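Residue 318 in our numbering sits at position 265 of the sequence shown; the count goes up by one each step and never skips.
Just so it is clear, CB atoms sit at the ideal spot from N, CA and C, and this is done for glycine as well.
Remember, predicted model here, so these are calculated numbers, not experimental data.
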Amino acid sequence: MTGFNDSFGPGAGAPSPFGSGSGSGGAGLSRPPRRRGRVALIAIITSVALLLGLGGAGFWAFTSGPLAGVFAAPDDFEGPGHGEVLFTIKDGEIGDEIATNLVAAGVIKSFDPFYALLLDADPQVVFVPGVFKLKLEMSAQGALDALQDPANMVTVTVVIPEGERMTNVLEEISTQAEIPLADVQSAAADFGSYGLPPEATSLEGFLFPATYDFSPGLTAHEILQAMVDRCLEALDAAGVTPEDRYRVIVFASLVQKESGLKDDFYKVARVFQNRLDQGWNMESDATVAYGTGATNRVETTSAERADEGNPYNTYVHPGLPVGPISNPGDLAIDAVLHPADGPWMFFVTWNLDTGETIFSETADEHAAAVDQWIAWMDEHPEYG
């Protein structure tokens, strides 16, 4: 290991620092190795005594003069350091690699003091991969302490809300990770490289909503892969088999967009499941809006609901929509797997401020609920 050697003296075949025991002048003179070493030691002691006797001049020779390097302290910086440097610990790197990289980055002065701290540490030091904000010319102890402090880790935070569309997720990644949007979109277009179900035709639905802390410098593909992996983990945790992943995500994306209050997720899931069981069309405005791209509205027009050219139009096309319409979270997934018990076939969110929703069993009951929603909308034209 660099800087550490089990041989602290001339042993196991190593040459003596004081010579081989034979004169180098060719005159045939020789002295026993022990005597020569003793003479050298006496000479050093005599010199030290002489310098000490010289008082201030001797002190200068040890601390600042020609002997300072011989008797210097460990090769280490003092103080907290200065400036700023971003230092990366890669996954799998061990102590000697980290020490070497710290020297190369100008953070510490030499390998030995830092590595000695690692050898003496009890318990053993564990390094977390990531990017850390350090200083130049830090002491070995200061650098080690800084690498163990989570506050010094630099992260790129990307927040994905439940129900967000893929296009908005890509824009958020671009903004927060400072990656050109075109690069993020290009990475997303390569959807076949992320381990999605075979039915998937895009990343839509599989960019799991969560708060992500990424290391700076990750590629768009790496960031997107982390979101997909998180989605697959959520599906596995919910007990969804790989064969059923796509159907659950499509269904959950619909429930996510159509639900308001937490408890309503399970009722909304029941309404759509009842419609599927009865052979009814889903008739979701959220799917129609997704197909038109106008997802900022809470209602659709009669022309849009009659448009057979919109593959996401569940007013005219039976069954679930052809693909996910949002990126659902754990609650929507759980609601699809465990819908509430009930006979409801209709629902309408009549108060858009509170999210209150009326669930109905018959068409007449639903018509009355729609009238209540229309009256509320008339009083709140800002939602029109």
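Going by C-alpha to C-alpha distance, which of the options sits closest to residue i?
| i | options | result |
| --- | --- | --- |
| Y247 | M219, A152, A279 | A279 |
| D236 | D144, G258, T407, E275 | E275 |
| E215 | M206, L187, T228, E257 | E257 |
| V211 | N221, V389, D243 | N221 |
| D383 | Q326, A290, V321, Y343 | A290 |
| P295 | L249, Y343, G159 | L249 |
| F185 | I147, P166, M206, Q425 | M206 |
| V389 | E131, D243, L329 | L329 |
| N349 | G362, Y436, G313, I147 | Y436 |
| E414 | Q331, T228, K315, T353 | Q331 |
| I147 | T208, Y168, G132 | Y168 |
| E204 | Q194, R218, G183 | It is Ala, not Glu, that sits at residue 204 in the sequence shown. Of the candidates Q194, R218, G183, the one whose C-alpha sits nearest the C-alpha of A204 is G183. |
| T245 | I226, L277, D129 | The displayed chain sequence assigns Gly, not Thr, to residue 245. With distances taken between Cα atoms, G245 lies closest to L277. |
| E252 | T153, R300, D149, F140 | R300 |
| G134 | Q177, P176, Q194, L172 | Q194 |
Considering only the beta carbon of each residue, do residue i and residue j sit closer than 8 Å?
| i | j | result |
| --- | --- | --- |
| M191 | I142 | no |
| E357 | T345 | yes |
| I378 | K310 | yes |
| I151 | N380 | no |
| A385 | A305 | yes |
| L271 | A230 | yes |
| F267 | V324 | no |
| A240 | A263 | no |
| L170 | L197 | yes |
| V138 | A158 | yes |
| Y319 | H391 | yes |
| Y368 | P374 | no |
| W397 | N327 | yes |
| G136 | L189 | yes |
| L307 | G408 | no |
Is residue i close to chain B, meaning its C-beta is less than 8 Å from at least one C-beta of that chain?
| i | result |
| --- | --- |
| W426 | Chain labels in this structure do not include chain B; a single protein chain is all it has. |
Taking all protein chains shown into account, do 16 or more other C-beta atoms lie within 10 angstroms of the C-beta of residue i, making it buried, or fewer, making it exposed?
| i | result |
| --- | --- |
| V293 | buried |
| I302 | buried |
| G74 | Confidence at G74 is low in this model, with a pLDDT of 33, below 50, so the placement of that residue should be treated as unreliable; the coordinate-derived value is given next. Exposed is the call here. |
| V341 | buried |
| A347 | exposed |
| L200 | buried |
| V179 | exposed |
| A421 | exposed |
| E286 | exposed |
| R298 | buried |
| L234 | exposed |
| D417 | exposed |
| A339 | buried |
| S355 | exposed |
| P166 | buried |
| E217 | buried |
| G376 | buried |
| T410 | buried |
| V181 | exposed |
| F124 | Confidence is the limiting factor: at F124 the pLDDT is only 43, short of 50, which leaves the residue's position unreliable and the question unanswerable from this model. |
| D317 | buried |
Report whether the distance from the Cβ of residue i to the nearest heavy atom of the ligand NAP is below 7 Å.
| i | result |
| --- | --- |
| W333 | Ligands displayed in this structure: none; no statement on the ligand NAP is therefore possible. |
| Can you list, in chain order, the stretches of the beta strand (DSSP E) that have 3 or more residues and sit fully within the stretch 232-270? | 264-267
| message | Below 8 Å, how does it come out for the stretch 391-411 and the stretch 422-436: are there three or more Cβ pairs, yes or no? | response | Judged by Cβ distances under 8 Å, the stretch 391-411 makes contact with the stretch 422-436, as three or more pairs qualify.
| task | Please list the segments of the alpha helix (DSSP H) lying wholly inside the stretch 323-395, counting only runs of 4 or more residues, in order along the chain. | result | 338-345, 355-359, 383-390
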